[in-house]
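Remarks on the structure that follows.
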Amino acid sequence: MNIYVLVKRTFDTEEKIVVSGGKIQEDGAEFIINPYDEYAIEEAIQVRDAHGGEVTVLTMGGEDAEKQLRTALAMGADKAVLINTEDDLDEMDQFTAAQILADYLKDKNPDLILAGNVAIDGGSGQVGPRVADLLDINYVTTITKLEINGTQVNIVRDVEGDSEVLETSLPLLVTAQQGLNEPRYPSLPGIMKAKKKPLDEVELDDLDIDEDDVEAKTETIEIYLPPKKEAGRVLQGDLSNQVQELVQLLRTEAKVV
Amino acid sequence: MTNTIANAIKGGSFLVEDVELDRVFTPEDFTDEHKMIAKTTEDYVTHEVVPVIENLEHHEFEHSVRLLKSAGDLGLLGADVPEEYGGLALDKVSSALIAEKMSRAGGFSITHGAHVGIGSLPIVLFGNEEQKQKYLPKLATGELIAAYALTEPGSGSDALGAKTSAKLNAEGTHYVLNGEKQWITNAGFADVFVVYAKIDGEQFSAFIVEREFSGVSVGAEEKKMGIKSSSTRTLILQDAQVPVENLLGEVGRGHVIAFNILNIGRYKLGVGTVGASKRAFELAVAYTNQRQQFKTPISSFNLTKEKLSTMASRLYASESLIYRTVGYFEDRMSQLSADEQKDGKAIAASIAEYAIECSINKVFGTEVLDYIADEAVQLHGGYGFMQEYEVERIYRDSRINRIFEGTNEINRLLVPGTFLRKAMKGELPLLQKAQALQEELLMMMPEEIEDAPLAQEKVLVQNAKKIGLLAAGLAAQRYGTKLESEQEVLANIADIVNNLFAMESAVLRTEKAIQRDGAEKANQKLLYTQIFCQEAFECIEKDAKETLIAAVEGDNLRMMLSALRKLTRSTPYNVIAKKREASVKLIDAEKYVV
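Those protein sequence lines, which keep their order, are chains A and B.
Position in the first sequence (from 1) plus 5 gives the number in our numbering.
Position in the second sequence (from 1) plus 64 gives the number in our numbering.
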C-alpha cells in the first residue's frame, strides 16, 4: 500500500508565545511534530505493518522541518519528503499548502493519505480536506478508528463527542483525532536507522509551480495575544439590581451583548 | 598506545595548561540524534515510570522488572553494548544523555544505572568472547538484569579488604564462593551479579554469578532513607558454585575491573545529578510563581531571586564540567582502533586517564544536587516537607549520592593523590610549573583587565590555576611523602581544583556560545558564569589561605600570603544585581534555561 502522511512542524505545546513587531517570535522556541499528525504517523505505520507497503512523510516549509521528518522516520516511516518553500514563499495559508501538497501528490497514486485533524498553531483543519478535494478522492475527518479490508474501509469518526460509523473505499484521505492510537516514541535503534533513510528535498521549481498561482487567499491583518485574564468581580446588592448591573457591564465594559 | 590517542586530551591537564575551545564539548553541541535520544528517554520516563513511582517507592518491584524490559525494547539498555552482542554501541554523549534524562525517575534511575553501568559494563569491558555472547544480548534487552557486588559489611572504601573467598574445587570445575556482599542494588530481582572475591583468601578476582547457582541467596529488603524505588539487599554466598568459565578477567586482577568500573560509575553518577538538579529546580521555580504570600507570588521577592540564580549558576557550572568530561571520554574512546575497542586493557587505560575528572564529576555534581534539592525544599516552605510533594522525595533521594561510588571524602583525597602520581610518573609537568610559578609570583604585577565579556572570568581562572599549583606545590614541599596523612590539606587542594575545573568549564562553554551566537544571545550563560566564577573564586581563596597557613611558617608564610593576595586581587561585580538579572528568565521560563 502506498501511504502518505502530511506532517506539520509546530511550536511545542509548552512554549510561551511571544508576539513582537506583529509577528510570533520563533527565536529559541522548541518545535515538535503537530501532535495530531503523530496519530496519523502512528496509524500509517500500523497500516503498513498489517498490509505491507511504504509510508512516506511529507511536509513543507524550511530546512528546520527536517528534524520533524527525521523523528517520523525514527518512529518507523520509510521515506520523507520536504517541499522547501523557504526561498519562494513568505506568506502562505491553507490554500497555498493544499495546492502545493496536492500538486506533489497528484502523480504519486497514493492509496491512503493521513493527516492530523487540525494543526495546533493555525488550527484551520482545512489542509487535509482541500488536498483530497484537489486529488478528487474521498475523505473522512476526525477519525478514531480505521479498518481496511482490500479496498473497503471501515471508519469510526468523532462527531463532537459522538461516534459516527462509516464505510468507504480507497483511495482515501483521513484526518486523525485524539484516541485513534497511542503514538510510539522513536526507539533508539529507530533513531539510528533514521539517519540512513531517504529524505528528499524538492522546491516549487521542481514541481513546476508558479508562486503566483499559490499565493495566499487570506490576509493576516493583525496578530495579538489574548488579553490577560482580569480578576473577577462579585456584584453586590439585591438580585434585580445585580442583574441590571451585569447586563449593563456586559454592554458597556465587556461589549459582548 | 597508538599515535591517535596522543591527540586526546590528557587527564588532569587542565591544571597546568589551557585547552583549545574546539576541543571542549558543551551541551550546545548536541546533534539532532542526541536530542531525539534524550527526548525518547524523557518520554519513556514521563509516561512509563512516573505513573508508577508510588508503587516502586513501596517496593512493588515487579514494575522494575517490567520497566527494564520496556526500556530494553526502546534500546535504553544497549547504549554501551557493542552491536555484535545486540547493543547499539552509541557514543558517550548519547549514553550520558540517557543517564541524565533517566534521573527524573528517582530510585528507578538507580535500578537502570546499576544495570547498564556497574552491572553490565564489567562484562562489556572485561568479559571474554564466550561470556559476552552468553550474557550481553540478554542484558541489552532486559531479559537478564544485572547487579554489582563489591561492598561488604567490613569493607566499603577499602574494597580490597574484602573477606569473601573463592576456592577452586577438587575437580577444578567450579570456584566455591563464601561471604556476604552488602547493599547490592537490584539484588531483589537481578539474574546476574558481578561479584568480587579473593581466591584462596589472597587473589582479588571478579566472577559472574547467576542467581540460580547453588548456594546463592539474598537477604531481606533494606529500609533506606531515600531511593526507595530501588531494591537493595545483601547477597549471600554459601558454598556458591561458580563454574570456572565465569571467572571475569584474570585471577588476581579484580582490582583493575573494580577501580575502572568505579571511575565510570562516578562519572555516570555525575551526569545523573544534572538531570535530578534540573528537575528539582523546575519544581522549585514553578512553585515560587504559583505560591502567593502577602498577595504576591513569592518569586517576586528578591531573596527568592537570589536563591534561584545561585542554584541555576551552580547547575550551569556543574553541567558544563560534566559534559566537558563526557566529551573527553568520547574523544578518546572514539580514537581507539577496532581491536583496542575489544581489549579491556586499552579501554581501562582510557578510563583511568580521566580518574581525576571522574572524581570531580562525582563530588561536584552530587554536591550541587544536594544544594539545589535542599534549596528547592526551602522554597516550598512547609509544603516541601510533605510527602505529597515530589521535592520531598528528591531531597531524600539526593542524600545517598555523596556516599556511594566512593564517598565524596574518598574522592576528594583521590584528586590530589592522582595529580601527584601523574607528576611523579612525568605525565603532567606539575612540579616544573609549580617551581616556575614561585619565581613568577615574586615579580608579579597586577594586570589591567580589559572590558570584554568573560575577560574578568578568564583572569580568575588563570589565577585559580596558579593558586592551585601554589597550594599543591607548597604542601608537597612541606610534607613530602607524608602528605598522604594531611587529609585536611588534601581536601582543600581538591576543593580548589574542583572549583577551578568548574569555573574554567563554565567560561569555555560561554565563550563557545558567544562565538557562535554573539554576546547578546549568550547573556544568560554569561551571567551564570560571572556569578559562579566570583563565588567559587572566593572559596578558592579561603581554601588556599588555610592550606598556606598549615604548610608554611614565618617569613616565608608572609611572603606566600602576599603572593596569594596578588593573585586574588580583583574588582568584584555587584553579584546581587547579577542574580536579580539572571532570575528574570528563570522565573519567566519556569525551568532551568541557559
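All C-beta atoms, glycine included, are put in the ideal place defined by N, C-alpha and C.
Listed by chain order, chain A residues near residue i by CB distance under 9 Å
i	result
T104/B	A79, Y190, P191, S192, L193, G195 and I196
L494/B	Per Cβ cutoff of 9 Å: no residues; L494/B is ~42 Å from chain A at best.
L161/B	What L161/B touches in chain A: nothing, since even the nearest Cβ is about 11 Å away.
Within chain B, partners of residue i - CB distance below 7 Å
i	result
T76/A	M100
K200/A	E97
K84/A	What K84/A touches in chain B: nothing, since even the nearest Cβ is about 18 Å away.
Proximity below 9 Å, CB of residue i to CB of residue j
i	j	result
V657/B	Q598/B	no
R330/B	S423/B	yes
I46/A	I37/A	no
A163/B	S384/B	no
Y41/A	G121/A	yes
V308/B	T237/B	yes
L612/B	A535/B	yes
R396/B	Y380/B	no
F468/B	L631/B	no
G191/B	L312/B	yes
V273/B	V280/B	yes
A143/B	L132/B	no
I595/B	A516/B	no
R388/B	I436/B	no
E31/A	L185/A	no
I420/B	L478/B	yes
M289/B	R463/B	yes
Supposed close pair residue i, residue j - CB separation, criterion 8 Å
i	j	result
A204/B	L214/B	Contact flag wrong, Cβ pair sits at about 23 Å.
V390/B	V157/B	6 Å
L372/B	A304/B	Not a contact, Cβ separation roughly 52 Å.
I531/B	I557/B	Wrong, their Cβ atoms sit about 10 Å apart, outside the cutoff.
A348/B	V455/B	7 Å
E209/B	G170/B	Residue identity differs from the one stated: residue 209/B is Ile in this sequence, not Glu. Not confirmed; about 18 Å, so no contact.
Proximity test, residue i beta-carbon vs the ligand GDP heavy atom, cut-off 8 Å
i	result
F277/B	Absent from the structure shown: the ligand GDP. Ligands present: none.
Contact set between residue i and chain A, taken where Cβ atoms lie within less than 7 Å
i	result
G136/B	Simply none; closest approach about 10 Å.
D107/B	Y190
L506/B	Those within 7 Å of L506/B in chain A number zero; the least Cβ separation is about 49 Å.
G139/B	S192, L193 and P194
L203/B	Under the 7 Å cutoff, chain A gives no residues; its nearest Cβ is about 15 Å from L203/B.
L152/B	L193, P194 and M197
Close beta carbons around residue i, own chain, < 6 Å, minus the five adjacent residues each side
i	result
K655/B	E346
T66/B	Model confidence at T66/B stands at a pLDDT of 39, short of 50, so the residue's coordinates are unreliable and nothing is read from them.
A615/B	L538, A539 and R542
D93/A	L209 and E216
F100/A	K222
G150/B	P201 and A204
Other residues of its chain near residue i: CB distance less than 7 Å, five sequence neighbours each side excluded
i	result
A519/B	I513
Y108/B	A135, L138 and L140
V315/B	I263, Q267 and S269
T68/B	Caution applies to T68/B, whose pLDDT of 45 falls short of 50 and renders its modelled position unreliable; the value that the coordinates give is listed next. Correct list, in chain order: Q399.
T147/A	N122, R162, D163, T180 and Q182
T574/B	L518, A586, K589, L590 and T593
Beta-carbon neighbours of residue i, restricted to chain B and to distances below 9 Å
i	result
K72/A	D96, K99 and M100
8 Å Cβ shell around residue i - same chain, five flanking residues per side excluded
i	result
L628/B	I531, L534, E605, A608, K609 and L612
K201/A	none
Y109/A	L63, V86, I88, V207 and L212
P217/B	E244 and Q246
G481/B	E548 and L554
Under 8 Å by beta carbon: chain A residues contacting residue i
i	result
L628/B	Going along chain A, no residue has its Cβ under 8 Å from L628/B, so there is no contact; the nearest lies around 42 Å.
Handout entry: At least three beta-carbon pairs within less than 8 Å, the stretch 516-529 of chain B to the stretch 430-442 of chain B
Key = With contact defined as three or more Cβ pairs closer than 8 Å, the stretch 516-529 of chain B and the stretch 430-442 of chain B are not in contact.
Practice task
Say whether the stretch 197-212 of chain B touches the stretch 353-368 of chain B, bearing in mind that this needs 3 or more beta-carbon pairs closer than 8 Å, one atom from each stretch.
Solution key: No, they do not touch.
Exercise for the section: Determine contact between the stretch 562-579 of chain B and the stretch 611-626 of chain B, defined as no fewer than three beta-carbon pairs at a distance below 8 Å. Expected result: At 8 Å Cβ cutoff, the stretches do not touch.
Exercise for the section: Decide yes or no for the touch test of the stretch 119-129 of chain B against the stretch 293-307 of chain B: beta carbon pairs closer than 8 Å, at least 3 of them. Expected result: At 8 Å Cβ cutoff, the stretches touch.
Exercise for the section: Evaluate the contact criterion for the stretch 71-88 of chain A versus the stretch 181-199 of chain A: three or more CB pairs, one atom per stretch, below 8 Å. Expected result: Taking a cut-off of 8 Å on C-beta distances, the stretch 71-88 of chain A touches the stretch 181-199 of chain A, as three or more cross pairs fall below it.
Practice task
Examine the Cβ distances between the stretch 164-173 of chain B and the stretch 87-106 of chain B and report whether three or more of them are shorter than 8 Å.
Solution key: Here the stretch 164-173 of chain B makes contact with the stretch 87-106 of chain B; the two share three or more CB pairs at distances below 8 Å.
Handout entry: contact_flag[the stretch 99-119 of chain A, the stretch 62-77 of chain A] where n(CB pairs < 8 Å) is 3 or more
Key = Yes: the two stretches touch, three or more of their Cβ pairs being nearer than 8 Å.
Practice task
Please confirm if the stretch 239-256 of chain A is in contact with the stretch 129-137 of chain A, defined as three or more CB-CB distances below 8 Å between the two stretches.
Solution key: The stretch 239-256 of chain A makes no contact with the stretch 129-137 of chain A: fewer than 3 CB pairs, one atom from each, lie closer than 8 Å.
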